[in-house]
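One structure is given below, encoded as structure tokens.
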Amino acid sequence: MAEKKDPPYFMYFPGNYRWSAAFINMISSAPYGGSEIGELHKIGTMLKDKAPEDDEAWFDACVKVADGVRAYAGKFADGNYKPAAAHAYLRACNYYQMAERFRTPKDDRALGAFRRGVECFHRFIKLTDVKIEIVEVPFVDGKLPGYFVHAQNAKPGKTPCVVFFDGLDVTKEIQYMRGVPDLIKRGISVLVMDGPGTGEAIRFRNLMLHHETERHAGAAYDFLAARPEFDPKRIGVMALSLGGYYAPRAASMDNRFACCISWGPEWDYHTKWQQRLARIERGEILSLSVPWQHLLWVFGVQTKEEAFKKLEGFKLDGVIQKMRCPYLLVHGEGDQQAPFEHAQNMINACGSANKHMKIFKREEGGYHHCQVDNVTIGMAYMSDWVAEVLKAGQ
Numbered sequence: 053m054a055e056k057k058d059p060p061y062f063m064y065f066p067g068n069y070r071w072s073a074a075f076i077n078m079i080s081s082a083p084y085g086g087s088e089i090g091e092l093h094k095i096g097t098m099l100k101d102k103a104p105e106d107d108e109a110w111f112d113a114c115v116k117v118a119d120g121v122r123a124y125a126g127k128f129a130d131g132n133y134k135p136a137a138a139h140a141y142l143r144a145c146n147y148y149q150m151a152e153r154f155r156t157p158k159d160d161r162a163l164g165a166f167r168r169g170v171e172c173f174h175r176f177i178k179l180t181d182v183k184i185e186i187v188e189v190p191f192v193d194g195k196l197p198g199y200f201v202h203a204q205n206a207k208p209g210k211t212p213c214v215v216f217f218d219g220l221d222v223t224k225e226i227q228y229m230r231g232v233p234d235l236i237k238r239g240i241s242v243l244v245m246d247g248p249g250t251g252e253a254i255r256f257r258n259l260m261l262h263h264e265t266e267r268h269a270g271a272a273y274d275f276l277a278a279r280p281e282f283d284p285k286r287i288g289v290m291a292l293s294l295g296g297y298y299a300p301r302a303a304s305m306d307n308r309f310a311c312c313i314s315w316g317p318e319w320d321y322h323t324k325w326q327q328r329l330a331r332i333e334r335g336e337i338l339s340l341s342v343p344w345q346h347l348l349w350v351f352g353v354q355t356k357e358e359a360f361k362k363l364e365g366f367k368l369d370g371v372i373q374k375m376r377c378p379y380l381l382v383h384g385e386g387d388q389q390a391p392f393e394h395a396q397n398m399i400n401a402c403g404s405a406n407k408h409m410k411i412f413k414r415e416e417g418g419y420h421h422c423q424v425d426n427v428t429i430g431m432a433y434m435s436d437w438v439a440e441v442l443k444a445g446q
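Counting from 53, one number per residue, gives the positions in the sequence shown under our numbering.
Put into structure tokens, the structure is as follows:
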């Protein structure tokens, strides 16, 4: 009799990959203060027996819990209980932004929830013992919002820093809950940013997604290099998910970056979307982490054909060969969003003499997309690598 294997992916909502993927994203933020299991279960209970396409129910459940958490965060703050208030505001931020995740188009209710999430993060900044600055990074198309998170345990003198970009549907606030505390504990400062097409940049500044990430990544480098506390020769770049394209594109086209991390592979985003939609049409997959219409919004176009024309630029072949800085590619063996062949193509083509691919297997954890099943093990590996490369603490 064949041994029965456990399902490879944790499905809080059986048969609903999209909601389950978002839910596990909230669960995995817990080590960095982004969630509490009891609050998440309140959301899950409200969504019990709801249809997979009922994104209005998802929005309402997440916002209701976020409102409750924000309310008692305010009570903690009024009582001058700063650590408790800071933690609660951070969790409320996460729930608001995850509520808004599936709401397309972004109507007033969606933008209102997102804005409350940003406000909660700003309150977290005022109350936490982590030193964080709210910054604006000027670039050719305007200004990009970001958070500058200061290193801890750093020795006197100029310190290293990493520019940390998001993915297709992530935000700088959610990124903070993706291991930034691990980096700063190793003496590395972090500039967490919304790039064009993400977060506040698209919602409130109308900055659309484009494939030339060196335009804003280079501006982020300039911003950091101009600050006296940093060593311009020890500024790296990293990004997650679709950022697996952003970071190597930036480091390949701008050789000032001292190192680069792709947190997930992204070799050819145009072909990937063609394959995704073909698989849906064949009934091989039922849903994606975000609906394909998300592409129309981030590119500012009206048709699928226009979106796919924009996607043609998101290819690393002919680009990553130009990279010369140390490069790390991190991949989960069970990643359902990025096939292994894309990771293999990237590491083979990379022009850096110092390049390494880490593949996390199911037995050790970090098996899924961007190590969502064990973010801490993935971030620990990346943080230790970048600390060594950038000589943090030296």
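Just so you know, even glycine gets a beta-carbon here, dropped at the ideal spot from N, CA and C.
Note that this is a predicted model, so its numbers are computed, not measured.
With three or more CB-CB distances shorter than 8 Å, the stretch 370 to 381 counts as touching the stretch 390 to 407. Between the C-alpha atoms of A125 and N132 there is a straight-line separation of about 11 Å. Cβ neighbours of N146 within its own chain (closer than 7 Å, five residues either side excluded): M78, S81, G86, S87, I226 and M229. In the DSSP assignment, F111 is bridged to no other residue. Scanning its chain for C-beta atoms nearer than 6 Å, with the 5 sequence neighbours on each side dropped, one finds around A302 the residues T265, E266, A269 and V289, in chain order. Here DSSP, grouped into helix, strand and coil, assigns C312 to strand. Relative to the Cα of E393, the nearest Cα in the group P317, V232, K178 and G418 belongs to P317. Listed in chain order, the alpha helix (DSSP H) elements of length 4 or more contained wholly in the stretch 97 to 149 are 107 to 130.
When the beta-carbon positions are compared, F366 and H322 come within less than 8 Å of each other. Segment contact: the stretch 343 to 357 against the stretch 154 to 163, three or more CB-CB distances shorter than 8 Å; contact assigned. With respect to M150, C114 sits close: the two C-beta atoms are nearer than 8 Å. Residue pairing from DSSP places D320 in a beta bridge opposite K367. Around the beta carbon of H139, a 10 Å sphere encloses 16 or more other beta carbons of the protein chains shown; the residue is thus reported as buried. Annotation: R334 to K356 spans about 18 Å, alpha carbon to alpha carbon.
Looking at the DSSP output, M409 shares a beta bridge with L381. In this structure R331 is exposed. Its beta-carbon is surrounded by fewer than 16 other beta-carbon atoms within 10 angstroms.
Contact between the stretch 181 to 195 and the stretch 155 to 170 is absent: fewer than 3 CB-CB pairs across the two stretches fall below 8 Å. With contact defined as three or more Cβ pairs closer than 8 Å, the stretch 91 to 107 and the stretch 431 to 442 are not in contact.
Non-local C-beta neighbours of G445 in its own chain, meaning closer than 8 Å and more than five positions away in sequence, comprise N205, A206, K207, R238, G239 and A439, ordered along the chain. The three-state reading of DSSP puts C213 in strand, counting E and B together. Every alpha helix (DSSP H) stretch that sits fully inside the stretch 156 to 205 and reaches 4 residues is listed by chain position as 160 to 179. One thing to note: V244 has its Cβ no nearer than 8 Å to the Cβ of Y273. Excluding residues up to 5 positions away in sequence, Y84, V201, F216, V242 and V244 lie with their Cβ nearer than 8 Å to the Cβ of V232 in the same chain.
If the five residues before and after P391 are omitted, its C-beta is found closer than 6 Å to no C-beta atom of its own chain. Under the three-state reduction of DSSP, K443 is assigned to coil, being neither helix nor strand. Taking C-beta atoms under 8 Å as the contact rule, A118 and A144 qualify, at a distance of about 5 Å.
Secondary structure of K285 (DSSP, three-state): strand. Under the 10 Å beta carbon count, K407 is surrounded by 16 or more other beta carbons and is classified as buried. By the Cβ neighbour-count rule, D234 is buried, with 16 or more other Cβ atoms within 10 Å of its own. Rounded to the nearest whole angstrom, the C-alpha separation of V441 and K210 is 15 Å.
In this structure T223 is buried. Its beta-carbon is surrounded by 16 or more other beta-carbon atoms within 10 angstroms. If you draw a straight line from the Cα of Q354 to the Cα of A129, it is about 45 Å long.
In the structure shown, the three-state DSSP call for S304 is helix. Membership of L348 in any beta strand (DSSP E) is not indicated; the residue belongs instead to the alpha helix (DSSP H) covering H346 to F351. Distance from the CA atom of A278 to the CA atom of A291, rounded to whole angstroms, is 22 Å.
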